[in-house]
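Residue numbers (this note's numbering): -11 to 256.
Each residue gets a CB set at the ideal place from its N, CA and C atoms; glycine is no exception.
These notes concern the structure reproduced below.
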Amino acid sequence: LKMTPSASLLLLLLLGLCQAHPLQEEGGQGEEEEEEVPDTMDMTSRILTSNNATDEMLLEGDLLAPKTRNAMTCWSQSCLWRKASNGYVMIPFTMSGAFTSWERQKIDRGMKAFHSSTCIRFVPRQNEYDYISVENRGGCFSALGRTGGRQVLSLNKQGCLYHGIIQHEINHALGFQHEQTRSDRDYYVRINWQNIDPNMAYNFYKKNTNNLNTPYDYSSIMHYGRTAFSIQHGRDSITPIPNANVQIGQRQGMSYWDIMRINLLYGC
């Protein structure tokens, strides 16, 4: 079949357009959706921005104030999720009908990251008394550890459905605090109190934490970003030491030590 020069040129243009617009992955939404987060918006800033819409009493930005425990600690079996005889820690959950099918897939993907690297297993609730209720409330927040009965883990549709944020809030529900509140943090970060709103300073108080004999982890999904609760844009509230250029506040997913700590705490 012979083509005229103009027909050949038209065919080449059409092929070029096809290459410029690749087909989307099956399911309608690719994992690249997370890349829509601006590079200048770290995970902590996104969580704090989302939580401006909530009227919940939150500590450290995204932790529900405890109603039954008198301190924000979770060391003992009383606030850990129970391990079954098969060696897995089965955590029942429900998910709000407010989430679309694709949004539910995002949350499910965040949960399955724990399945692939720890003994944690999230299972749809049957009639269990203790369970996590994943809801579309006004922000991104969770209780610390197992609180007993129904406990809310909020993932607002507009600002919280990012892989790192989902894992961050689930880690709180497993009993893990923010990395920069570790009892030994002063050896690894400097808190710039002069750059923090005095009314927000309590968010940076150290805790009597169980560090599980693991090193301080700048790359933890549980670490604040460097400008969290800063009084002015561009002023650091947290500075890594001795190397101030170390990245903190990453949002991609759990670090090696995040995973290791889950396995240590739950005896995986």
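Item	Value
Inside the region 109 to 149 only - beta strand (DSSP E) runs reaching at least 3 residues	119 to 123, 128 to 130, 138 to 143
Nearest-angstrom Cβ-Cβ length linking N187 and S225, presumed shorter than 8 Å	Not really, about 13 Å apart at Cβ, beyond 8 Å.
Unbroken alpha helix (DSSP H) run spanning I153, endpoints	151 to 162
Under the three-state DSSP convention, the category M210 falls into	coil
Beta-carbon gap between I95 and V122 smaller than 8 Å	yes
Through-space distance from M99 to V111, alpha-carbon basis	10 Å
Coil, strand or helix - G241 by DSSP	coil
Beta-carbon proximity of R148 to C128, cut-off 8 Å	Per the sequence presented here, residue 148 reads as Cys, with Arg not at that position. Their beta carbons are under 8 Å apart, which means C148 touches C128 by this criterion.
Three-state secondary structure (DSSP) of F217	coil
Whether G234 touches Y206 by CB criterion (8 Å)	One detail in the question is off: residue 234 reads as Val in this sequence, not Gly. Yes.
Buried/exposed call for H156, threshold 16 Cβ in 10 Å	buried
Segment limits, beta strand (DSSP E) that includes R178	177 to 179
Of the listed residues A161, T227, F87, nearest to Q182 (C-alpha basis)	T227
Beta-carbon proximity list for D246, same chain, < 6 Å, skipping 5 on both sides	S208, I209
Residues that G102 bridges to, as DSSP identifies them	In the sequence on display, residue 102 carries Phe and not Gly. Per DSSP, none; premise fails for F102.
Residue from G237, F164, D185 whose Cα sits closest to the Cα of S130	F164
Among Q139, Y117, Q168, nearest to L216 - alpha-carbon criterion	The residue asked about is misnamed: residue 216 is Ala in this sequence, not Leu. Nearest of Q139, Y117, Q168 to A216, Cα basis: Q168.
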